[in-house]
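Residue numbers (the numbering used here): 188 to 1038.
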């Protein structure tokens, strides 16, 4: 709809900043961006790659190869190893650096969150990063405060300051300009001040920004949120255990190859040595083994831990500094000295050192050692970690482009194993473009409104929503979309909600919550001239508390026949998928108490109800069908009435026409059943109506106990427990900051179709990693097997050291890059979900690897 006039805004008393004042404030006080933590320079990140145990082994091999090359006059082997080291570390660095950049998108999206402000005497939205000192912010339940500010208006305003103080108890905020910032109020911060990154637990208010960016309290602590690049996912841990186990097997194979090569040398006469020379070689082998303890012992320990054997390394070996190396080398030198000394004393070694071992024999043993090193390097699949990191980074980037902002990396893989999706209705399955389709207010028969009508006052005063006006464009609701639909209806009737809201003097307010399913505002009415309590919410709740009705002739007793007629009309609207909202009031309630529950009022006056249409999203029926075909059960959990929920569920395919109404369970019925009974009915239940957030959390818990992997959607503050409980929590882009913080993935466009895409990406990610594992381990087993069998079939060295290392380099880096970034295949949605407990290497993969 187009606006026919430029309405006066409620917050005209807070005209807000003009565009010129915004720019002046930004120049003077800066932008609302936090300086990110200082990152290490690129060269330091590259040098960190040399701390990898495998790279350390290669460096030792390179030193030995160059030493051998000095005697043989051939440096190709040594230079080849050095080139492999430089290329491996560089590729690993570049890929990891690129992956870390992909994660920065989280901060970018967070800084772009739209914030409701007043500028140029209009309510509008601006990105969080564009806020400046002096901006006027409108805040309500569930919002995260975007900057430090002082409170100008507060209605039942409760702020959780745990992000700064660690105290979970909400703090009451008030508008009092006389409070000193240093006053002794018993709180960590003044009650007339709100701070960035704190959360509105209840109520709503108006604040004026006093500090932005690094000058906020949170900015001064140099904290930056959303730094998740070092988080290890369950798949990371599983693959790390796999790598550790393969590492110890590779070490065993390397030792066996060396034994086989020595045995072959003895058998063929290539190693025709005296007992003294064998003694020297034994002492040097033991010394070299001790010197390299920092390399092989962690491989053994990690391998044993991967099969459940807990072993603690000595503190000196746990230390990554050079102290452990120095100690081991000194110990090796001591062993060599003592061993040779004992050999001299027992006359086991030749008197002249030149007779200890010939250059040819030394070269042979050094070559054997390098072959063993190369086999260990090839056997350890260090590319697995790189493959997972690349896959996650690539998937996160592409999923964001498809409106799935991944906040926690484990969600990328876990959502692919999802077996049940518990979805909200409004905004997720429907468009959240609400419009009042029908009204039933007995006090006016001609369906026309005037500004002095008490119905107008009930809508305007008992609401926290606003409309954003843009010249020549449709008005856009800001805040709750149901309330926004009511304001749009007033606009259609040429009524400016701002005037009525401004004139109503609010004393207290009980904000809407999914538990109570109504909202109440108490204040002084300019329409009646006395105090009044306005209530709006679920019609059946209000009807039960109303004993009078407002008609065109005035307030009348609420006859049972009229009550039955209204209930029947409500049912008719609900059976065609309409959301219904009832209105009631009471004048001058003598026993009013803030927080008093609706059930305690028995003399309310019924005003009427509205029916609100919210069309189903066009893409949702197909998305639901794809999920069901993929073996993922879709359940709808909504606060709407049973009939409305059933109609929408049938429209999108969650329920079929053949499904009976038993497939829909109400929240009241759910709460009356014990866990065992709920588990029994959950198998066939597809819709839960009139549900509370606690019901959603309970359903998730019970589904999990029955072995399901659950993804759940939520957009409200009270959805946080269910979002935390589920294996994958999916918050809506239009949801509260509390819901987003509790979630694993944010659905930026609020659509169920994006959830279906996320499941496809999760399955494809897992398949890509399986492909890389199959590719890498097949080559690992083949290379190690050939190197081990070679000496037994007359081939001394099937591969040179350089050949082994370069084969390993190509498959660990470039193959990882290729397979990790393979695009998803829609065919993965034709298969049943994988068992989340299954090991990533399946039986067919094992057969393929070893066949």
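Beta carbons: idealized from backbone N, C-alpha and C, even for Gly.
Note that the coordinates shown come from a computational prediction; the quantities given were computed from them, not determined experimentally.
CA nearest to the CA of residue i, picked from the options
i	options	result
residue 247	235, 269, 232 and 262	269
residue 820	871, 831 and 792	871
residue 631	624, 490, 622 and 641	641
residue 312	921, 761 and 459	921
residue 393	798, 439, 327 and 400	327
residue 651	665, 555 and 512	665
residue 721	769, 218, 684 and 1016	769
residue 391	667, 830, 1002 and 702	667
residue 407	566, 946 and 221	221
residue 606	628, 740 and 947	947
residue 491	733, 430, 844 and 958	430
residue 869	885, 279, 877 and 923	885
residue 729	229, 263, 698 and 790	790
residue 396	475, 433 and 315	315
residue 903	329, 740 and 275	329
residue 1113	319, 739, 489 and 1005	Residue 1113 cannot be examined here, being either before or after the span of the chain that is shown, 188 to 1038.
residue 554	1037, 448, 480 and 801	448
residue 877	896, 863, 857 and 894	857
residue 627	685, 382, 794 and 475	794
residue 938	901, 950 and 915	901
residue 669	609, 655 and 801	801
Residue i and residue j closer than 8 Å at C-beta
i	j	result
residue 931	residue 598	yes
residue 485	residue 967	no
residue 338	residue 360	yes
residue 809	residue 854	no
residue 324	residue 302	yes
residue 375	residue 335	no
residue 792	residue 874	no
residue 797	residue 623	yes
residue 860	residue 889	no
residue 207	residue 306	no
residue 350	residue 219	no
residue 453	residue 526	no
residue 346	residue 387	yes
residue 1015	residue 957	no
residue 619	residue 941	no
residue 1006	residue 1037	no
Boundaries (first-last residue) of the alpha helix (DSSP H) holding residue i
i	result
residue 845	That residue, residue 845, is in no alpha helix (DSSP H); it is neither H nor E in DSSP.
residue 625	Where residue 625 is concerned, there is no enclosing alpha helix (DSSP H), although the beta strand (DSSP E) it sits in stretches over 622-627.
residue 1037	1030-1037
residue 805	Neither: residue 805 is in no alpha helix (DSSP H) and is coded neither H nor E.
residue 885	880-892
residue 742	Per DSSP, residue 742 belongs to no alpha helix (DSSP H); it is in the beta strand (DSSP E), 741-744.
Range of the contiguous beta strand (DSSP E) that encloses residue i
i	result
residue 751	Residue 751 -> not in any beta strand (DSSP E); alpha helix (DSSP H) instead, spanning 747-762.
residue 737	733-738
residue 705	705-711
residue 766	766-774
residue 395	386-398
residue 518	That residue, residue 518, is in no beta strand (DSSP E); its alpha helix (DSSP H) goes 510-532.
residue 1012	Segment: none, residue 1012 is in no beta strand (DSSP E) and carries neither H nor E.
residue 664	663-665
residue 301	301-306
Any non-hydrogen atom of the ligand FAD within 7 Å of residue i CB
i	result
residue 522	Among the components of this structure there are no ligands whatsoever, and the ligand FAD is therefore not found.
For the region 731-750 and the region 689-698, state whether three or more C-beta atom pairs, one from each stretch, are separated by less than 8 Å. no
As an exercise, report each continuous beta strand (DSSP E) stretch of at least 3 residues that is fully enclosed by the region 944-986, in chain order. none
May I have a chain-ordered list of the alpha helix (DSSP H) segments no shorter than 4 residues that lie completely inside the region 318-362? 349-352
The region 996-1013 in contact with the region 576-588 per 3-pair CB rule at 8 Å: yes
Does the pairing of the region 907-916 with the region 967-978 give three or more beta-carbon distances under 8 Å? no
Could you tell me which uninterrupted beta strand (DSSP E) segments, each at least 3 residues in length, are contained entirely in the region 671-697, listed from first to last along the chain? 692-697
Validate contact between the region 250-262 and the region 438-451 using beta carbons, cut 8 Å, 3 pairs: no
3-residue-minimum beta strand (DSSP E) runs that sit fully inside the region 807-877, ordered along the chain: Qualifying beta strand (DSSP E) stretches, in chain order: 820-824, 851-853 and 874-876.
Where are the alpha helix (DSSP H) runs, 4 residues long or more, that stay fully inside the region 202-272, in chain order? 206-216, 229-235 and 240-259
Pair every Cβ in the region 991-1001 with every Cβ in the region 445-462, then say whether three or more of these pairs are closer than 8 Å. no
Is the region 696-713 close to the region 722-731, with three or more CB pairs under 8 Å? yes
Three or more C-beta pairs under 8 Å: does that hold for the region 824-834 against the region 748-762? Taking a cut-off of 8 Å on C-beta distances, the region 824-834 touches the region 748-762, as three or more cross pairs fall below it.
Which runs of the beta strand (DSSP E) at least 3 residues long sit entirely within the region 889-944? Give them in chain order. 897-901, 915-919 and 932-934
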